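Asker: Residues in the sequence shown are numbered consecutively from 123, following my numbering.
Even for Gly, the Cβ is constructed at its ideal location relative to N, Cα and C.
Just so you know, these numbers come straight off a predicted model, no measurement behind them.
The structure that follows is given in the form of structure tokens.
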Amino acid sequence: MAINNHSSKFDAEYFVRMTEEVGKSWSKSLQEMSHKDFMKHYSPDVDWLDHAFQIHRKGHVGLEMLRERWLTCNQPYKVTITDIHPTKTGSILEGFAEGVFAEDLYTIKATGKAFTYTLCIRLDFNTESGLIDRVNEYYTKTWDTSVPVSRYRVDYKREGARGLPRK
């Protein structure tokens, strides 16, 4: 489905459909996706805010730099979207990412460790073009030492009680 075949007025249903398309394309394989296929959903002026590293990438050039660097250091890398929540101007994606921190990320030395981390991404669409014009990405800065939610430490807050260690 081509994004540009829609009228200039977009509704919440459209945003959910586009978010599902973006989520499915991410889930296929970000590493195998062409530059053109990756960029087709994003406005040329897209703002991508990575809240873990407090980085603001601007436009297609900034987005491609982010994607290229992240996929170079994390090999393999896969995103799985588990839920989509519509908003007035887009959607919120919940899911997790898996991979191996295989190559250095600038000054952060690669650990070679496999990881699974939880992520949350808010997509805001331009209501005229139907393209994503803002991305807010939330995950942990210590992604390479993260574990699936099923392995989180259970912590009971009672007087005198202590958290249970991970198994």
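With distances taken between CB atoms, is the gap from A134 to P198 smaller than 7 Å?
Answerer: no
Asker: Buried or exposed for S268, going by 16 or more other Cβ atoms inside 10 Å?
Answerer: buried
Asker: I'd like the span of the alpha helix (DSSP H) that includes H163, first residue to last.
Answerer: Neither: H163 is in no alpha helix (DSSP H) and is coded neither H nor E.
Asker: Figure out for me which residue from P270, L171, T249, D159 has the closest Cα to the Cα of G217.
Answerer: Nearest C-alpha to G217 among P270, L171, T249, D159: P270.
Asker: Between F160 and R273, what straight-line distance do the alpha-carbon atoms span, to the nearest angstrom?
Answerer: 32 Å
Asker: Are E220 and T238 touching if we call contact CB-CB under 7 Å?
Answerer: yes
Asker: So, is Y164 buried or exposed, given that buried needs 16 or more other C-beta atoms within 10 angstroms?
Answerer: buried
Asker: Kindly indicate which three-state DSSP category V276 falls into: helix, strand or coil?
Answerer: coil
Asker: Can you tell me whether R179 is buried or exposed? The criterion is at least 16 other CB atoms within 10 Å of its CB, across all chains shown.
Answerer: Taking a 10 Å sphere around the C-beta of R179, we find 16 or more other C-beta atoms and assign the residue as buried.
Asker: Taking only three categories from DSSP, how would you classify G252?
Answerer: coil
Asker: Since D255 and D169 are thought to touch, with beta carbons under 8 Å apart, how far apart are those beta carbons, to the nearest angstrom?
Answerer: 7 Å
Asker: Mapping the DSSP letters down to three states, classify F175 as helix, strand or coil.
Answerer: coil
Asker: I need the boundaries of the beta strand (DSSP E) containing E186, first residue and last residue.
Answerer: Taken as a continuous stretch (DSSP letters only), E186 belongs to no beta strand (DSSP E), being part of the alpha helix (DSSP H) at 181-195.
Asker: My output table needs one value for M123: the three-state DSSP class, helix, strand or coil.
Answerer: Note that M123 scores 31 on pLDDT, short of 50, meaning its location in the model is unreliable; the coordinates nonetheless yield the value given after this. M123 falls in the coil class under three-state DSSP.
Asker: What do you reckon, are the CB atoms on Y261 and L245 nearer than 7 Å?
Answerer: no
Asker: Once you ignore the five residues that flank T204 on each side, which residues in its own chain have a CB closer than 6 Å to its CB?
Answerer: E216, G217
Asker: Give me the Cα-Cα distance between K236 and K162, rounded to the nearest whole angstrom.
Answerer: Correcting the residue type first, residue 236 is Ala in the shown sequence and not Lys. The alpha-carbon atoms of A236 and K162 are separated by roughly 30 Å.
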